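Protein chains in written order, with the working numbering: chain P, 201 to 378; chain V, 1366 to 1790.
C-beta: ideal position from N, C-alpha, C; glycine also.
The structure displayed is predicted, hence computed values, not measured ones.
For reference, the structure is listed below as C-alpha cells.
Here it is, written out as C-alpha cells:
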C-alpha cells in the first residue's frame, strides 16, 4: 500500500514539471490535473461456492414431509411468527434436537420498500424470532445462525402487495443447502 | 450549434471512454440567481481528442448555478484579456467569460491555460496553466470548471470528484466508480451476489461495503489503489451499514452477533469491535458527523423507525425526527449544518432535509422509492437512488431542491450511490 502511494505520488510529481517561461507569459498559476483516484488495477471478481444439497437426508427433501417446508411469512413491518407456523417450527426444532450435528441457517427477508439497511435489520429481527422459537422448542443455539438478506434476494419482483407478501419471509436452510 | 442552453430539459449525451455502463445525465429545473457566463472555445483545443471548453461548459451547466450564454463563433479566439470584446458580453448581461488556449509541447504533452474574466470590471479574476497528457483532457477540464465554480460561487467545485454505485444486470452485481459527471465508469468488484452500502474512506482511496457472497451480509474494505479487499466484520449473524470515522481509522458497523442489530465501532482492519448502543431495538445506519463527535442513526426504539443522535462513543441518544412514522438513512452535510434523510409519506419514500439549527424542514424530492442519499463533498448536491419505470436509477438534487438531475444506465438497474470526497493535491 505504501509503495503504491509512493508510486502514485511520484507519478503525480513527474507530471508537474512546468516551463517557467510559459508561466510568466501566462500570468497564471501552473498546475497538473489529477483525477481523484488513480486508474484502477482491474476488476476483483467474486465467485460464491456452490453448496452440495444432494447429501441432505430424505426427510428434509420429501415434499410429503412437513420438514420440506422451510418458509414463514410476515405482515408488513412485523416480525412476530404467526400461530399457523408453530407446527412447522415444532417439526424443525424436533429434527434439530434429534440430530445434534445438523446445522441450520435462517435467512430473514424484507419487502423492497424503504431503506436497504433498515430492511437488513428487519430481516434480522425476523430470523432471530424464528431462532429463539426453535431454541425454546429444543434446538441448540450452536446449531443455528440467524442472518438477514434484507430486501436483496426477493422471491418476487413486482410492485404489488401479493408480491411484497412473498418477500416478507424467513427461510430455514440446512447445512449443505447454503 | 455547439450547445443548447435554454430548454428546461437538457440531455447531455456524454461520450463514455470506458466500455462499462454509460451513465447519461438529464437535468430538470434550474437554480435561483444563476450566474450568466460565456465559455468560449479554447484556441487550438482541436489538437485534443475532446474539447476542454465543452466539458467545462457541461460541468457548469449541470451544477444548475450558471446560465450559459451561447458563445457563437468568435474569430480569432481571444487568449488574452485585451483581446476580449467586453462591450459585446456586457450587452448580453454576462457576469463572466472563460477563454483559453491549448498548445502541444515538444515532449508530446500539452499545455492548456485558461482565464476567467469579470465582465463588468473587465479584469482577470482567475487563471491556471495545466501541463497534461492526452489522457488528462477530462481531468483538466474538471479542474478548470472547479476553479471557475469556486471563484464565482464561493463554494468549492466537485467536478473532479468521483462517485461509486452498484449496477445490477440480471444476476450480476458490479460496484462501479465513475467521475462525478458519470463518465469513465470502472468496475471495482463484480459478484453474483448483492453488494450494498458502499461508502468512501475520507481520503478517497478505499471503499467499505456490504457483500452477500457468503449467503449473509459481511463488511469489506476495498483498496482502490491495489484492488485488494479485506474482511472487516464477519461475525455470526449479519454485518452491515459501514460508516467511516473522519480519520479513516475506524468504522461504525451494525452487527447482530450479540442478538439484535446494534451499532459497534471497529478498526478499519477489523480489530477491536466494541458495542456503542444497547437498546434491545433495531439500531442501524450509523453516520458520523464531520467533526467526529456524534453519530446519527436509525432506531425503532420509540415504536417506529426514527433518526437519533448520540455521542460517537455511545451513551444517551436524542431523538431528531418526530414527524411521520418512518424516517431513515440519516446523512449530514460536510459543514455539519444540514441533515438529509428518507421519509415515508403515505406510500411514498421521499428525500427530506432538516436545518439542524433552525429545525426548518424541506421535502427535496417527490419520488415513490427514493433512498440511499449521499451528499456531494461541498454539500450543495445530494445524490440518491430512485426508480424510473420500475428500474433503479440515480438522481441528484441541489440542497435547496431547485436543481434536479437524473443519471441512468441503459438496460441496467443502478442503485446505492456514494459521492466521494475532495481529492487534495
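Top-ranked residue by Cα proximity to residue i, from the options
i: residue 1558 of chain V; options: P:324, P:351 and P:364; result: P:351
i: residue 1691 of chain V; options: V:1675, V:1629 and V:1668; result: V:1668
i: residue 1480 of chain V; options: V:1713, V:1463 and V:1412; result: V:1463
i: residue 1758 of chain V; options: V:1741, V:1745 and V:1782; result: V:1782
i: residue 1708 of chain V; options: V:1699, V:1721 and V:1729; result: V:1729
i: residue 1754 of chain V; options: V:1431, V:1776 and V:1443; result: V:1776
i: residue 287 of chain P; options: P:275, P:261, P:267 and P:368; result: P:267
i: residue 360 of chain P; options: P:246, P:276, P:378 and P:262; result: P:276
i: residue 377 of chain P; options: V:1727, V:1686, V:1579 and V:1716; result: V:1579
i: residue 1531 of chain V; options: V:1471, V:1546 and V:1737; result: V:1737
i: residue 1845 of chain V; options: V:1565, V:1406 and V:1700; result: What the structure shows of chain V is the stretch from 1366 to 1790, and residue 1845 of chain V is not part of that stretch, so it cannot be assessed.
i: residue 317 of chain P; options: V:1735, V:1674, V:1455 and V:1693; result: V:1693
i: residue 283 of chain P; options: P:329, P:314, P:309 and P:265; result: P:329
i: residue 1458 of chain V; options: V:1470, V:1471, V:1440 and V:1435; result: V:1435
i: residue 1418 of chain V; options: V:1429, V:1412 and V:1406; result: V:1406
i: residue 1670 of chain V; options: P:315, P:285 and P:257; result: P:315
i: residue 1689 of chain V; options: V:1710, V:1581 and V:1450; result: V:1710
Where residue i sits in the DSSP three-state scheme
i: residue 1491 of chain V; result: strand
i: residue 372 of chain P; result: strand
i: residue 337 of chain P; result: coil
i: residue 1620 of chain V; result: strand
i: residue 258 of chain P; result: helix
i: residue 1476 of chain V; result: strand
i: residue 1470 of chain V; result: coil
i: residue 283 of chain P; result: helix
i: residue 1500 of chain V; result: helix
i: residue 1759 of chain V; result: strand
i: residue 1420 of chain V; result: helix
i: residue 1712 of chain V; result: coil
i: residue 350 of chain P; result: strand
i: residue 1562 of chain V; result: strand
Short CB-CB distance (under 8 Å) between residue i and chain V
i: residue 244 of chain P; result: yes
i: residue 306 of chain P; result: no
i: residue 281 of chain P; result: no
i: residue 330 of chain P; result: no
i: residue 324 of chain P; result: yes
i: residue 221 of chain P; result: Any reading at residue 221 of chain P must be qualified, since the residue scores a pLDDT of 31, below 50, and its modelled position is unreliable; no value is offered.
i: residue 235 of chain P; result: Low confidence applies here, because residue 235 of chain P scores a pLDDT of 48, under 50, leaving its location unreliable; read the following figure in that light. Taking Cβ atoms only, chain V reaches closer than 8 Å to residue 235 of chain P, which makes this a yes.
i: residue 285 of chain P; result: no
i: residue 348 of chain P; result: yes
i: residue 316 of chain P; result: yes
i: residue 378 of chain P; result: yes
i: residue 320 of chain P; result: yes
i: residue 360 of chain P; result: no
Neighbourhood of residue i by C-beta distance below 6 Å, restricted to the same chain and skipping five residues each side
i: residue 358 of chain P; result: none
i: residue 371 of chain P; result: 270, 271 and 307
i: residue 1571 of chain V; result: 1586 and 1588
i: residue 1652 of chain V; result: 1608, 1661, 1695 and 1696
i: residue 1602 of chain V; result: 1621 and 1622
i: residue 1408 of chain V; result: 1442, 1444 and 1466
i: residue 1489 of chain V; result: 1446, 1480 and 1482
i: residue 1780 of chain V; result: 1531, 1750 and 1757
i: residue 1594 of chain V; result: 1585 and 1587
i: residue 1507 of chain V; result: 1524 and 1525
i: residue 1539 of chain V; result: 1532, 1552 and 1555
Same chain, Cβ closer than 8 Å to residue i, five either side skipped, listed in chain order
i: residue 1658 of chain V; result: 1676 and 1677
i: residue 304 of chain P; result: 292, 296, 334, 339, 343, 344, 345, 372, 373, 374 and 375
i: residue 302 of chain P; result: 295, 296, 343, 374 and 375
i: residue 1500 of chain V; result: none
i: residue 1742 of chain V; result: 1521, 1523, 1526, 1699, 1784, 1785, 1786 and 1787
Beta-carbon proximity of residue i to residue j, cut-off 8 Å
i: residue 290 of chain P; j: residue 1626 of chain V; result: no
i: residue 1605 of chain V; j: residue 1562 of chain V; result: yes
i: residue 1702 of chain V; j: residue 1722 of chain V; result: yes
i: residue 1484 of chain V; j: residue 1460 of chain V; result: yes
i: residue 1685 of chain V; j: residue 1716 of chain V; result: no
i: residue 1680 of chain V; j: residue 244 of chain P; result: no
Chain P contact for residue i (CB, 8 Å cutoff)
i: residue 1553 of chain V; result: yes
i: residue 1707 of chain V; result: yes
i: residue 1463 of chain V; result: no
i: residue 1640 of chain V; result: no
i: residue 1622 of chain V; result: no
i: residue 1557 of chain V; result: yes
i: residue 1660 of chain V; result: no
Proximal residues to residue i (C-beta, below 7 Å), its chain only, five neighbours per side dropped
i: residue 236 of chain P; result: Note that residue 236 of chain P scores a pLDDT of 45, beneath 50, so its modelled location is shaky; the value from the coordinates is reported in the next line. Nothing listed; no residue qualifies.
i: residue 1590 of chain V; result: 1570
Any chain A beta carbon closer than 8 Å to residue i
i: residue 345 of chain P; result: The structure shown contains no chain A; the protein chains it does contain are P and V.
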